[in-house]
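Student: The UniProt record's numbering puts the last residue of the sequence shown at 319; the count rises by one with no breaks.
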Amino acid sequence: MDEALVTTSGNCRQLRTASCFAPSLACTSTGGLIALLLGRLRLSVPEAIDKYRILSAQVFSERKGFGKDGTFKALNLEKAIKSVAQGKLGAGHADKRMFINEGCKTFVCTMPAKHMNKEPRLFRTWEADKYPGYNSTIWEAARATSAAPVFFKRICIGDPGLQEEFVDASMGCNNPVRYLIEEAQREFGLVREVGYIVSIGTGKRKVAGFKAPGLFQRKLPLDLINVLTRMATDSEVEASVMKARYQNFPDGTAPASVHALYYFIYPSYRVNHFVPRTYPLEEIRRYFQAPQTTVMPTIVILLGIGGCGKSQLALEYYQ
């Protein structure tokens with residue numbers, strides 16, 4: 001990212017912030033902290049690296065006692081984020097809120113602790129036209145996206161009487177690239193060209209597996225729990241899906257509109273004399289062209305007895 005955010009002009013290298021370079025930025029967990037430093041506080045990459053190094057020393061150097069909720073003190077993280085915010089925005093801005101009308105559109109992912117699924121809750125730096133979400137403080141968003149179970153205790157965010165408990169979104173949304181693309185669709189429209197999508201990932205993937213359980217593992221299946229954790233926090237599956245969607249673009253890039261996400265290569269198994277069926281084709285088209293109200297993709301299932309023409313109907317629509 002440091003190389004991507006540097007422009008070269010002769011022998012002069014000028015540092016640029018994410019606000020000048022990327023229209024959108026999304027992360028979760030520790031990456032969420034970095035996203036807030038780059039996107040919301042508008043630090044350059046060297047500045048963000050330096051601040052994160054100092055922040056890590058302040059937060060992860062002191063462990064809590066045995067049996068406590070979380071390994072590290074959440075209050076230390078809160079103080080560190082507030083200190084960074086005041087250092088960048090000025091004294092008295094420790095409780096500065098997320099919404100801002102300029103710069104890189106950034107969001108961090110979290111999960112409601114009492115309603116967890118694979119759809120994260122987004123804390124944005126802008127007020128979206130639809131479902132804008134809660135305008136939390138910067139430090140609240142940082143605490144929520146980094147509240148990984150075992151490491152930090154959960155946090156309550158919201159107006160009095162409407163507060164929710166949040167944890168980080170690593171379980172189920174450790175790679176939020178799909179949500180980044182969907183947010184870009186909503187904010188920039190379907191005709192906006194995509195010059196690049198950078199997915200940094202979460203390190204080298206580990207193989208998930210476990211041996212036949214012994215007596216101890218039958219009583220306390222820790223190996224199985226570890227496998228399930230690795231599966232829930234996997235980030236490679238989402239990256240593979242995105243790679244497959246854009247694999248037909250030259251050199252692996254996607255210099256096309258976000259709408260190109262919905263173009264597919266279909267097999268040439270069509271019959272020579274297809275009998276048009278106007279009504280089902282119109283119904284399929286109506287479902288796919290309806291405005292999306294969720295981050296999940298639109299799915300249409302064709303049901304019927306074998307040989308009634310489901311595959312041909314689908315191929316006719318794709319063509």
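Glycine residues also receive a C-beta, built at the ideal position from the N, C-alpha and C atoms.
Let me know if residue 77 comes out buried or exposed under the rule of 16 or more other beta-carbons within 10 Å of its beta-carbon.
Tutor: That one is buried.
Student: Report the rounded CA-to-CA distance for residue 144 versus residue 171, giving the unit in angstroms.
Tutor: Whole-angstrom Cα-Cα distance: 13 Å.
Student: Helix, strand or coil: which one does DSSP assign to residue 53?
Tutor: DSSP places residue 53 in helix when its eight states are reduced to three.
Student: As a quick exercise: from 82, 98, 99, pick the residue whose alpha carbon is nearest that of residue 91.
Tutor: Ranking the options by Cα distance to residue 91, first place goes to 82.
Student: Kindly confirm or deny that the stretch 105 to 117 and the stretch 28 to 40 touch, where touching means at least three C-beta pairs closer than 8 Å.
Tutor: Short answer: they touch.
Student: Just verifying my parser: in three-state terms, what is the DSSP assignment at residue 71?
Tutor: DSSP places residue 71 in coil when its eight states are reduced to three.
Student: How is the beta strand (DSSP E) around residue 24 delimited, first residue to last?
Tutor: Element bounds for residue 24: 24 to 28.
Student: Which value, in whole angstroms, describes the spacing of the CA atoms of residue 256 and residue 71?
Tutor: In this predicted model, residue 256 has a pLDDT of only 38, less than 50, meaning its place in the structure is not dependable; the value taken from the coordinates is given anyway. Rounded to the nearest angstrom, the two C-alpha atoms are 45 Å apart.
Student: Going by C-alpha distance, which of 214, 26, 319, 174 is nearest residue 276?
Tutor: Taking only the C-alpha atoms, the option nearest residue 276 is 319.
Student: To the nearest angstrom, report how far apart residue 99 and residue 65 are at their CA atoms.
Tutor: C-alpha separation (whole angstroms): 37 Å.
Student: Look at residue 148 and residue 154 and say whether their C-beta atoms are less than 7 Å apart.
Tutor: No, they are not a contact pair.
Student: Compute the beta-carbon to beta-carbon distance between residue 51 and residue 62, rounded to the nearest angstrom, for a pair I have assumed lies under 8 Å.
Tutor: The Cβ separation is near 19 Å, so there is no contact.
Student: Would you kindly work out how many angstroms separate the C-alpha atoms of residue 54 and residue 47, rounded to a whole number?
Tutor: About 11 Å.
Student: Alpha carbon to alpha carbon, how far is residue 126 from residue 101? Give it in angstroms, no decimals.
Tutor: Taking the straight line joining both Cα atoms gives about 6 Å.
Student: Start and end of the beta strand (DSSP E) containing residue 278?
Tutor: It is not in any beta strand (DSSP E) - residue 278 instead sits in the alpha helix (DSSP H) that spans 278 to 289.
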